[in-house]
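Chain order of the listed sequences is A and B. Residues in the first sequence are numbered consecutively from 1, following full-length UniProt numbering. Residues in the second sequence are numbered consecutively from 1, following full-length UniProt numbering. From the three backbone atoms N, C-alpha and C, an ideal C-beta is built for every residue, glycine too. Since the structure is predicted, the reported quantities are computational estimates derived from the model, not experimental observations.
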Amino acid sequence: MGAAVEVRGLRKVFNGVVAVDNVSFEVSEGEIFGLIGPNGAGKTTTLRIIAGMVKPDLGEVRIMGSNPFREGMRVKELLGYLPEEADVYSRLTGLEHLRFYASLYGGRVDETVRYGAEISGLGGDLNKRAGEYSKGMKRRLLLSLVLMRRPRVALLDEPTSGLDVYSSLRVRDLIKRYARENKTAVILSSHNMLEVEYVCDRVAFISRGRIVAAGSPDELKEKYNAGNLEEVFVKATGG
Amino acid sequence: MNFNTVRIIVWKELLDLWRDKKTLAVAVLLPVVSMPLIGLAVLLLSTQQPVQVAIVDEDNTSYTNRILGITVSSSWLVGNLTEALTRSGCRVDKYDKSPGNMTSYDLVVVIQKSFSENATSLVNQASVEIIRKANVQPAVNAESTIISVLSQFSSNISRVKVESLAGLAGLKPGSFNVNSILQPVVVGPLVVIAPSGAPATPIEQIRPYIAKILILGFIFVVSPASMYVVDSIVGERERKTIELLLATPASVAEIISGKLMVASVLGLVSSLSDVASLMIYMYLITLSLGGYFWLVLDLKLILLHAVTAFFTILTTIAIATPFITRTQGIRSAGNIATLVNMIGMTLFFTGFMVDYPKLEPSVLYPLMLIPYTHSILVIQDYVYGMTLNSLIHLSVLIVASLILLYIGVRGISPEKILLAR
C-alpha cells in the first residue's frame with residue numbers, strides 16, 4: 001500500500017520555543033497511526049501543519065502526493081480534520097451541522113448527510129439543538145462531520161478527550177470500523193496509551209517536539225522489553 | 001472567491017443569528033430606545049438640579065414721577081421675577097438686604113437702591129445687578145429668564161412713559177403709535193425657501209432636521225454590527241468552533257466575508273428599526289404641525305438611509321476585521337471595534353451639527369478621505385436637493401467599503417486566526 005501521508009523533517013518554532021523538531025513519518029492507506037505524547041509535546045502543532053493550518057519553518061508534508069500549502073483546496077477535499085476541543089454551534093441542530101458542513105464540501109449533499117447521520121448514531125437527537133447535547137454526543141457529531149465525506153486521510157486530535165468510558169469506547173469503535181471500511185489513513189493524537197494500543201496499527205511517541213520512538217505497539221513493547229505502551233514511553237523518553 | 005461558499009456561510013450565520021434573540025433584540029431596540037432616551041434623560045435630569053436664586057431688593061420702595069404721573073414699585077419686579085423663576089424650576093429666596101455669605105446661591109439678583117425712582121426718571125436708568133456662578137448651566141438658563149422678565153418690565157415702563165410724554169406734548173390719542181417710537185425698525189416677513197427656490201413648506205423646513213437625525217442614527221446601527229463581528233470571529237475561536245470551519249474548503253476570505261455580510265444585515269435591521277422610530281417621530285411632528293404624515297414620509301430618503309447604513313457598517317467592520325482577527329480575546333477585539341466606531345461616531349455627531357455640503361473645499365476634501373464623510377454627504381446632499389452628488393457619494397462609499405473588505409480579508413490566514421497573540 002502507498003503512503004497516504006508523508007511527513008519529512010518538520011520544524012516549527014513559536015516565539016523562540018521549539019514546538020516541533022525534525023518530525024518525520026509516513027502513514028499508509030487504511031492504517032491508523034497514533035501520535036502519542038504528553039500535553040505540550042507537539043502533537044497538535046504537528047496535526048495543524050499536516051492539515052495546512054500552520055506553516056512549518058522547515059520540512060514538508062504530502063497528502064496523497066499533494067502539498068497542503070501549495071494545493072490547499074485539493075488537500076482539504078482529501079482531508080478530514082477534527083481539532084482538539086472542537087465544539088459545536090449551540091443554536092444549530094445536529095442535522096443542520098451535517099448539512100452545513102456537507103454543503104461546504106459540495107457533491108452529493110443529501111447522501112453525505114445521510115451517512116453522517118448514520119455514523120453519528122444520534123438518531124432523533126439530530127433534530128435537537130447541539131447546545132443540548134452531552135459532551136459525548138457532541139464529540140460523535142463532530143467526528144461524523146469529519147468522516148461523513150469519507151476523506152482519504154483523517155486527522156483526529158484527541159478524539160476521546162474528556163469523554164466518559166462508554167462514550168470513549170463508542171468513539172474508538174467508530175474510528176476503527178470506519179478506517180477499515182473506507183481504507184482511510186487515520187492519524188490520531190492522544191495521551192491515553194491504552195486507547196492508542198487498542199485502536200492504532202502503528203504509533204510514534206513524541207516528546208518535546210521530537211519523535212523518540214515509532215513502530216507497532218507489539219514491536220515497541222518487544223524492543224523496550226515493556227508490558228504496555230506506558231512503560232515503553234517512560235523508557236523511550238528516559239524518564 | 002466562491003460565492004456559493006459565501007452563501008452557505010451566510011445561511012449558517014443567519015440561522016444562528018435568527019435564533020440569537022438577545023442579539024437581535026439589542027440590534028432592534030438600541031436605535032429605537034437610544035434617541036428618545038437621550039432626550040428624556042436630559043429633560044428629567046435637568047429638572048432634578050434646581051437652581052438656588054436669591055433676590056435682594058435693596059430698594060424696597062415705590063416711587064411716583066409727578067411730571068409723568070407714573071409709579072414703579074421694586075416689589076412688582078420682585079413679584080414678576082419670583083413667579084417666572086419658580087415656574088422654570090428655580091428655588092427663590094427673597095431678601096431686603098444682602099444676607100452676607102451668598103456662596104450657597106447659584107445666582108443672585110440685586111435690585112439696587114433708588115431702582116423705583118430711576119425707573120420712572122426721565123434722566124436716570126434703573127439697574128439690576130446679576131451675580132452668577134460660572135460653569136452652572138441651569139444658572140445660565142435662569143439668567144435668561146431674568147433678562148427676559150427685565151426686558152418685559154422695561155418695555156412696559158417705556159410704553160407708559162412714551163404715552164405720558166405724548167400727552168404732555170399735546171399729541172392726541174390715535175395720532176401716534178407707541179411701537180413706532182420704541183421700535184422704529186423691525187425684521188420684516190422672513191421667507192424660507194426650498195432648494196428649488198420656492199417658499200419652503202413647514203414640512204420642507206423640518207427635512208434637514210430629519211436628515212441630521214438619520215445621520216446621528218448611524219451611531220446606533222454601527223455598534224451592534226461591530227460587536228457581532230467580534231463575537232463571530234474571536235468568539236468562535238473562544239468557543240472552539242472556528243478551527244473545524246477553517247479545515248473545510250471554505251477559504252478564510254470566504255468565511256470572513258460571509259460573517260461580515262451577516263453583520264451588515266444585522267446593521268441593516270438596526271437601521272430599519274432606526275428609520276421606523278424616526279417615522280413615529282415624524283408622525284408626531286406632522287400631528288403638531290397639522291400636516292399629513294405621508295407628505296413627510298420620503299421613501300427615497302429612507303431607502304437611501306438604509307443602503308448608506310449597510311455600506312457604512314460594512315466599511316466599519318472591514319476596517320476593524322484585520323485587527324480583530326489578530327487579537328487574542330473578545331475584550332481586546334471589542335476595544336479595537338470600539339476605537340473604529342469612535343471615529344465614525346465623532347464624524348456622525350459632527351454631521352448632526354454641521355452642514356457638510358457648506359464646508360469649505362479646503363476642509364471638506366481632506367475629510368472625504370474618511371469613508372464616513374461620504375455617508376454623511378449621501379444624506380445631506382439629497383436633502384439639499386443635490387441628488388446626483390448624493391448618488392456619487394453613495395457610489396464612493398460602496399467602492400471604498402468593498403476595497404476595504406478586500407484588503408481586510410486578504411491578509412488573514414488560518415494561522416493568524418488560530419494563533420493570535
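Quick check: the Cα distance between residue i and residue j, rounded to an integer number of angstroms?
i	j	result
B:Ile213	B:Glu236	35 Å
residue 486 of chain B	B:Glu360	Any property of residue 486 of chain B remains undetermined from this structure, which presents chain B solely from 1 to 421.
A:Leu79	A:Leu156	11 Å
B:Asn156	B:Val162	10 Å
A:Val165	A:Arg172	11 Å
B:Ser395	A:Ala154	47 Å
A:Glu111	A:Ala117	10 Å
B:Glu13	B:Val262	7 Å
B:Cys90	B:Ile147	15 Å
A:Tyr178	A:Arg11	31 Å
A:Lys183	A:Glu29	6 Å
A:Arg70	A:Val54	13 Å
B:Lys22	A:Leu126	25 Å
B:Asn177	B:Leu171	11 Å
B:Ile343	B:Ala247	35 Å
A:Glu96	B:Tyr228	21 Å
B:Ser401	B:Pro371	8 Å
A:Leu188	B:Gly351	59 Å
A:Ala213	B:Val409	42 Å
B:Tyr105	B:Ser62	27 Å
B:Leu17	A:Leu194	42 Å
A:Ser168	A:Ser103	29 Å
Is the beta carbon of residue i sitting closer than 8 Å to the one on residue j?
i	j	result
A:Val203	A:Leu174	no
A:Arg48	A:Ser24	no
B:Phe310	B:Gly267	yes
B:Val85	B:Ala139	Here the sequence assigns Leu to residue 85 of chain B, which means Val is not the residue at that position. Not in contact: B:Leu85 and B:Ala139 (Cβ atoms no closer than 8 Å).
B:Val191	B:Pro199	yes
B:Ile215	B:Ile376	yes
B:Ser226	B:Val340	yes
B:Leu244	B:Ala318	no
B:Ile324	B:Ala337	yes
B:Ile70	B:Ser164	yes
A:Tyr89	B:Thr315	no
Give the interface partners of residue i over in chain B, defined as CB-CB distance under 8 Å, in chain order.
i	result
A:Pro159	Correct list: empty, because the minimum Cβ distance to chain B is about 13 Å.
A:Leu145	Leu244
A:Met73	Pro249
Taking its Cβ as the centre, do 16 or more other Cβ atoms sit within 10 Å of residue i, making it buried, or is it exposed?
i	result
B:Val185	exposed
B:Gln137	exposed
A:Gly37	buried
B:Pro366	exposed
B:Ala169	exposed
A:Glu197	buried
A:Arg152	buried
A:Pro218	Contrary to the premise, residue 218 of chain A reads as Asp rather than Pro in this sequence. Exposed, since its Cβ has fewer than 16 Cβ neighbours within 10 Å.
A:Tyr101	buried
List, in order along the chain, the chain A residues whose C-beta lies closer than 7 Å to that of residue i?
i	result
B:Thr248	Lys76, Tyr101, Leu104, Tyr105
B:Glu415	Met53, Val54, Lys55
B:Arg19	Arg91
B:Thr23	In chain order: nothing, as chain A lies at least about 11 Å away.
B:Leu260	Residues of chain A passing the Cβ test: none, with the nearest at roughly 18 Å.
B:Thr5	Leu104
B:Leu266	Those within 7 Å of B:Leu266 in chain A number zero; the least Cβ separation is about 15 Å.
Would you mind giving the Cβ-Cβ distance between residue i and residue j, rounded to the nearest angstrom? I have them listed as a contact below 8 Å.
i	j	result
B:Ala333	B:Val234	4 Å
B:Ser390	B:Val378	5 Å
A:Met148	A:Leu98	7 Å
B:Asp57	B:Asp96	6 Å
B:Ser196	B:Gly329	The Cβ separation is near 55 Å, so there is no contact.
B:Pro414	B:Val252	6 Å
B:Ile210	B:Met345	The pair is not a contact, with the Cβ atoms about 20 Å apart (cut-off 8 Å).
A:Ile32	A:Cys200	5 Å
B:Gln112	B:Glu129	6 Å
A:Gly16	A:Gly209	The Cβ separation is near 13 Å, so there is no contact.
Who are the neighbours of residue i on chain A, taking C-beta pairs under 8 Å?
i	result
B:Thr241	Ala86, Asp87, Val88, Tyr89
B:Leu418	Arg48, Met53, Val54
So which residues of chain A does residue i contact, with C-beta pairs closer than 9 Å?
i	result
B:Ile8	Phe100, Ser103, Leu104
Interface residues of chain B around residue i at Cβ under 7 Å?
i	result
A:Leu47	Chain B residues near A:Leu47: none, gap ~10 Å exceeds 7 Å.
A:Tyr81	Ala247
Just to make sure I have the definition right: I need the residues of chain B whose C-beta is within less than 9 Å of the C-beta of residue i. Which are they?
i	result
A:Glu96	Lys12, Leu15
A:Gly178	The residue you asked about is not Gly; residue 178 of chain A is Tyr in the sequence shown. In chain order: nothing, as chain B lies at least about 18 Å away.
A:Leu142	Leu244
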